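Asks: Going by the working numbering, the letters in the sequence shown line up with residues 15 to 231, in that order. C-beta: ideal position from N, C-alpha, C; glycine also. Every value quoted in this text rests on a predicted model; they were computed, and no experiment measured them. Following this message is one structure expressed as structure tokens.
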Amino acid sequence: MIRSITQQKPMEEIERLLEGMGRVFIMGCGTCVTLTHTGGIPEVEAMRGALSEKGKVVTGTTVVPVACDNLTREILKDIQSGIKQSDALLIMTCAFGVQTIAHQIGKLVIPALNTMFIGKETAFGEFNEVCTQCGTCIIGETGGICPVTACHKGLVNGPCGGTNNGKCEIDSNKDCAWTAIYNRLKALGRIDSMRKYQKPRNHLGEPNPGKFRIPTV
Ligand code: SF4
Ligand code: SF4
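Here it is as structure tokens:
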């Protein structure tokens with residue numbers, strides 16, 4: 015399962031972002047952030063307690079089912095009064111949810127979380143980043159393992175030379191991506207793929223924000 019992986023910002027940063035705002039409405043989300051324990055009911059309640067202790071008036075809390083869904087607009091209509099009474103909304107969702115809510119409501123929105131990456135659940139409660147969406151996918155030549163994401167240096171033309179017994183020189187607890195690629199390609203009888211030179215990457219990429227339109231037939 016793919017999830018948006020988030021981490022709560024330090025409390026000092028949240029307090030700084032809320033400076034001068036005495037009345038706050040807190041919003042969480044029932045999907046990714048509930049699963050990662052960063053913006054579900056318990057975390058929203060803990061935030062309510064923490065802000066109350068700091069002297070803020072919490073005008074209300076809610077955990078919407080899917081913050082990044084446009085249907086959130088309808089749910090927000092039902093909780094208008096608490097939102098109206100607030101100076102700002104503290105949003106405990108990923109940045110996509112924060113932006114969706116910001117579009118739907120004429121209020122200042124403050125993110126309480128940092129959005130780290132899109133992660134795949136690899137074990138119960140454990141998420142690994144599998145793709146940084148670089149826009150130039152080369153995993154057809156690396157046995158389906160992404161070196162851009164899985165190698166600490168993002169190397170695309172083989173290992174760095176620091177590989178030690180299959181572990182990464184930067185983090186000895188982590189498997190070296192290029193050793194894994196070598197092993198995978200060897201098992202597939204495609205070791206020649208490693209000789210394919212990957213051209214230097216244009217890290218400037220396309221101008222932001224990225225856009226994609228389904229081609230018309
Ligand atoms: S090379 Fe890696 S980061 Fe780039 S698109 Fe493919 S899987 Fe994603
Ligand atoms: S040891 Fe392997 S994973 Fe680590 S930086 Fe070097 S090539 Fe990348």
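With 16 as the cutoff for other CB atoms within 10 Å, does Ser18 come out buried or exposed?
Replies: buried
Asks: For Lys91 and Thr163, I'd like the C-alpha separation in whole angstroms.
Replies: 41 Å
Asks: Mapping DSSP to helix, strand and coil, what is Asn216?
Replies: coil
Asks: Compute the Euclidean distance between the alpha carbons of Ala194 and Ile159, then round it to the nearest angstrom.
Replies: 8 Å
Asks: Given 8 Å as the limit, is there contact between the stretch 37 to 48 and the stretch 59 to 77, that is, 3 or more CB pairs closer than that?
Replies: yes
Asks: For His166, I'd like the list of residues in its chain whose CB is within less than 6 Å of its CB, leaving aside the five on either flank, ordered along the chain.
Replies: Residues of the same chain with a CB within less than 6 Å of the CB of His166, apart from the 5 flanking positions on each side, are Cys182, Ile184 in chain order.
Asks: Would Ala1 pass as a contact of Gln22 if the rule is Cβ separation under 8 Å?
Replies: Only positions 15 to 231 of the chain appear in the structure, and residue 1 is not among them; the question remains open.
Asks: Reducing DSSP to helix, strand and coil, say where Thr163 ends up.
Replies: Note: Thr163 maps to helix in three-state DSSP.
Asks: Would you say Met106 and Met35 are within 8 Å of each other, going by their C-beta atoms?
Replies: no
Asks: Secondary structure at Arg87, three-state DSSP: helix, strand or coil?
Replies: helix
Asks: Judging by CA-CA distance, which residue of Gln94, Arg227, Trp192, His217 is the nearest neighbour of Asn179?
Replies: Nearest C-alpha to Asn179: Trp192.
Asks: Taking only three categories from DSSP, how would you classify Phe226?
Replies: DSSP, reduced to helix, strand and coil, places Phe226 outside both helices and strands of the structure shown, so it counts as coil.
Asks: Give me the Cα-Cα distance between Ile228 and Phe131, rounded to the nearest whole angstrom.
Replies: Each residue's Cα considered, the two are about 25 Å apart.
Asks: Just confirm the distance between the C-beta atoms of Lys121 and Leu103, as a whole number of angstroms; I'd bet it's less than 8 Å.
Replies: 5 Å
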